[in-house]
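A.B. asks: Sharing a structure, written as structure tokens. Questions coming.
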């Protein structure tokens, strides 16, 4: 059993989080989810989804997989040193680190992506890459894998990346079965990016 | 401004709800969201997302659009007369009623789909159609529109249906722009169903 911890903050992007959670949630014998925030308070998405979280300091299980999502709330957190230090500590401890959309801006700013290849949201691209010049940013990709880091493109790309992660661990047939059961039209090839415009 | 009310219950399917919420949430000048439950208590998805809800009796705004999602929790609610009566009342009052996945089983059981065309999840098909023989069930469809009812196929089809609803109200270019901004590969044609197998 692996523990996936989503480190949340207010004004996160709704689907950034819940798309991957749906996919991992389809393998309950392999993955359990922890929803964390700095203080353990109710944390709200951009679209008013107010959810219970556990304080990082009180998490029940060690974090095997760290998930960091994007959204307008990242604009505030890139200037929150305590948040970034916590993110870096969790990332160092985790076996795998996954980001969706502008979540990679937070990873970049925290320093953990230094020297790594990574991608992010297309519409916020300039802002994202301005957070660190130590990252090898890859603009044309549905998602990018480098070492223990999986970074995805914007919003919906997080579902494709989650299925890609599952395929890498459990085989592509398991990922395809989840896509079929969720009636999701999975973009299997991480290098095909319909939303990149040169 | 239109108010979308999602009537929730425990063990709802995570992406059934948050996929459409992401799409409607992209038009904050047109849609506001209310998350309701029978008692206004914390309500949890199948995958442990514990969210705040408002009791149906205490909703702040009248419901213009009712959203009912699916998931394992529907198995319990089809036998909950008070829930079904509340669902029917909200559906009667709403201008539009949207369902995702096995949410249409609840609508069917409540009687509001009598004489209407509707679809649902492919994997739970026999169970869904057994809830009512008064519905004209359509198995091969990404989503179905009849009168004020939009019913979608399983899980991810809810996102396509939400964009279809938005296209019908605001024009297809608005829906395509949301798909582009969320990097979502929208299946625009409601009649193309990749998950139907004759």
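Chains as they are written, first to last, in our numbering: chain A, 2 to 199; chain B, 2 to 199.
The beta-carbon is built from N, C-alpha and C at its ideal position, and this holds for glycine as well.
Note that this is a predicted model, so its numbers are computed, not measured.
If you follow the beta strand (DSSP E) that residue 33 of chain A is part of, which residue opens it and which one closes it?
C.D. replies: The residue given as residue 33 of chain A occupies position 32 in the first chain. Start and end: 32–38.
A.B. asks: If you measure from the beta carbon of residue 186 of chain B to each beta carbon in chain A, is any gap under 9 Å?
C.D. replies: In the second chain, counting from the first residue as 1, residue 186 of chain B sits at position 185. It does; some Cβ of chain A falls within 9 Å.
A.B. asks: Can you grab the Cα-Cα spacing for the pair residue 100 of chain A / residue 74 of chain B, in whole Å?
C.D. replies: Along the first chain, read from residue 1 onward, the residue named residue 100 of chain A stands at position 99. Along the second chain, read from residue 1 onward, the residue named residue 74 of chain B stands at position 73. Cα-Cα distance, rounded: 30 Å.
A.B. asks: Would you kindly report the start and end of the unbroken alpha helix (DSSP H) that includes residue 108 of chain B?
C.D. replies: Residue mapping note: residue 108 of chain B aligns to position 107 of the second chain, counting from 1. Counting along the chain, the alpha helix (DSSP H) containing residue 108 of chain B begins and ends at 104–111.
A.B. asks: At least one CB of chain B closer than 9 Å to the CB of residue 3 of chain A: is that the case?
C.D. replies: Against the first chain, residue 3 of chain A aligns to sequence position 2. Chain B, which has no Cβ nearer than 9 Å to the Cβ of residue 3 of chain A, makes this no.
A.B. asks: Is it the case that the segment 144–164 of chain A contacts the segment 96–110 of chain A, given that we only count it when at least three CB pairs across the two stretches are under 8 Å?
C.D. replies: yes
A.B. asks: Cβ closer than 9 Å: which chain A residues qualify as neighbours of residue 19 of chain B?
C.D. replies: On the second chain, position 18 is the one that residue 19 of chain B refers to. The CB of residue 19 of chain B comes closer than 9 Å to the CB of 15, 16, 18, 19, 20, 22, 23, 46, 48 and 50 in chain A, given here in chain order.
A.B. asks: Let me make sure I understand the geometry here. Which of B:120, B:115 and B:116 has the alpha-carbon closest to that of residue 104 of chain B?
C.D. replies: Counting from one through the second chain, the residue named residue 104 of chain B turns up at place 103. That would be B:120, whose Cα lies nearest to the Cα of residue 104 of chain B.
A.B. asks: Determine, using beta carbons only, whether residue 156 of chain B comes closer than 9 Å to chain A.
C.D. replies: Working through the second chain from its first residue, we reach residue 156 of chain B at position 155. Yes - at least one Cβ of chain A is within 9 Å of the one on residue 156 of chain B.
A.B. asks: Are residue 164 of chain B and residue 24 of chain B closer than 9 Å when you measure CB to CB?
C.D. replies: Counting from 1 along the second chain, the entry for residue 164 of chain B is found at position 163. Counting from 1 along the second chain, the entry for residue 24 of chain B is found at position 23. A contact, by the Cβ cut-off of 9 Å.
A.B. asks: According to DSSP, simplified to helix, strand and coil, what is residue 2 of chain A?
C.D. replies: On the first chain, position 1 is the one that residue 2 of chain A refers to. Of the three classes helix, strand and coil, the one that applies to residue 2 of chain A here is coil, per DSSP.
A.B. asks: Taking the C-alpha atoms as reference points, what is the distance between residue 95 of chain A and residue 70 of chain A?
C.D. replies: Numbered from 1 along the first chain, position 94 holds the residue referred to as residue 95 of chain A. Numbered from 1 along the first chain, position 69 holds the residue referred to as residue 70 of chain A. When rounded, the distance between both Cα atoms is 16 Å.
A.B. asks: In terms of residues, what are the limits of the beta strand (DSSP E) holding residue 54 of chain B?
C.D. replies: Taking the first residue of the second chain as position 1, residue 54 of chain B is located at position 53. Element bounds for residue 54 of chain B: n/a, residue is neither H nor E.
A.B. asks: Could you compute how far the alpha carbon of residue 62 of chain A sits from the alpha carbon of residue 36 of chain A?
C.D. replies: Residue 62 of chain A sits at position 61 when you count from the first residue of the first chain. Residue 36 of chain A sits at position 35 when you count from the first residue of the first chain. Their backbone Cα atoms lie some 11 Å apart in a straight line.
A.B. asks: Would you please verify whether the beta carbon of residue 62 of chain A is less than 9 Å from any beta carbon of chain B?
C.D. replies: Reading the first chain from its first residue, position 61 is the one you call residue 62 of chain A. So, not an interface residue.
A.B. asks: Identify the residues that DSSP records as bridge partners of residue 147 of chain A: which are they?
C.D. replies: In the first chain, counting from the first residue as 1, residue 147 of chain A sits at position 146. Beta-bridge pairing links residue 147 of chain A to A:150.
A.B. asks: If the cut-off is 9 Å on Cβ atoms, which residues from the segment 114–134 of chain A count as contacting chain B, listed in chain order?
C.D. replies: 122, 123 and 124
A.B. asks: Across the segment 159–175 of chain B and the segment 129–138 of chain B, are there enough close Cβ pairs to call them in contact, namely three or more that are closer than 8 Å?
C.D. replies: No, they do not touch.
A.B. asks: In three-state DSSP terms, what is residue 196 of chain A?
C.D. replies: Position 195 of the first chain holds residue 196 of chain A. Of the three classes helix, strand and coil, the one that applies to residue 196 of chain A here is coil, per DSSP.
A.B. asks: Opposite residue 138 of chain B in the DSSP bridges: which residues?
C.D. replies: For the purposes of this step, residue 138 of chain B is identified with residue 137 of the second chain, where counting begins at 1. Bridge partners of residue 138 of chain B: B:119.
A.B. asks: Answer with yes or no whether the minimum CB distance from residue 33 of chain A to chain B is below 9 Å.
C.D. replies: Reading the first chain from its first residue, position 32 is the one you call residue 33 of chain A. At least one chain B Cβ lies under 9 Å of residue 33 of chain A.
A.B. asks: Going by DSSP, which residues form a beta bridge with residue 126 of chain B?
C.D. replies: By one-based count along the second chain, residue 126 of chain B stands at place 125. Paired residues: none, contrary to the question.
A.B. asks: Could you spell out where the alpha helix (DSSP H) holding residue 175 of chain B opens and where it closes?
C.D. replies: Locating residue 175 of chain B in the second chain gives position 174, counting from the first residue. That run of the alpha helix (DSSP H) goes 173–182.
A.B. asks: Closest Cβ-Cβ distance between residue 137 of chain A and chain B: below 9 Å?
C.D. replies: On the first chain, position 136 is the one that residue 137 of chain A refers to. Not closer than 9 Å to any Cβ of chain B, the Cβ of residue 137 of chain A fails to qualify, so no.
A.B. asks: Have a look at A:32, A:78 and A:48 and flag the residue whose alpha-carbon is nearest the alpha-carbon of residue 8 of chain A.
C.D. replies: As a working mapping, residue 8 of chain A is identified with position 7 in the first chain. Among A:32, A:78 and A:48, the Cα nearest to that of residue 8 of chain A belongs to A:78.
A.B. asks: Can you look up residue 43 of chain A in the DSSP assignment and give me helix, strand or coil?
C.D. replies: Mapped onto the first chain, residue 43 of chain A falls at position 42. Three-state DSSP puts residue 43 of chain A in coil, outside helix and strand.
A.B. asks: Could you list which residues in chain B have their beta carbon closer than 7 Å to that of residue 195 of chain A, in chain order?
C.D. replies: For the purposes of this step, residue 195 of chain A is taken as residue 194 along the first chain, with counting starting at 1. The answer, in chain order, is 186.
A.B. asks: I need the boundaries of the beta strand (DSSP E) containing residue 67 of chain A, first residue and last residue.
C.D. replies: Along the first chain, one-based indexing puts residue 67 of chain A at 66. Taken as a continuous stretch (DSSP letters only), the beta strand (DSSP E) holding residue 67 of chain A covers 66–69.
A.B. asks: Judging by CA-CA distance, which residue of B:15, B:159 and B:190 is the nearest neighbour of residue 21 of chain B?
C.D. replies: Position 20 of the second chain, counting from 1, holds the residue named residue 21 of chain B. Minimum Cα distance to residue 21 of chain B is reached at B:159.
A.B. asks: Kindly indicate if chain E contains any beta-carbon less than 9 Å away from that of residue 183 of chain B.
C.D. replies: Any reference to chain E falls outside this structure, whose protein chains are A and B.
A.B. asks: Less than 9 Å separating the beta-carbons of residue 67 of chain B and residue 88 of chain B?
C.D. replies: Along the second chain, read from residue 1 onward, the residue named residue 67 of chain B stands at position 66. Along the second chain, read from residue 1 onward, the residue named residue 88 of chain B stands at position 87. Contact flag set, yes.
A.B. asks: When burial is assigned at 16 or more other CB atoms within 10 Å of the CB, is residue 193 of chain B buried or exposed?
C.D. replies: Translated into the one-based positions of the second chain, residue 193 of chain B becomes position 192. With fewer than 16 other Cβ atoms within 10 Å, it is exposed.
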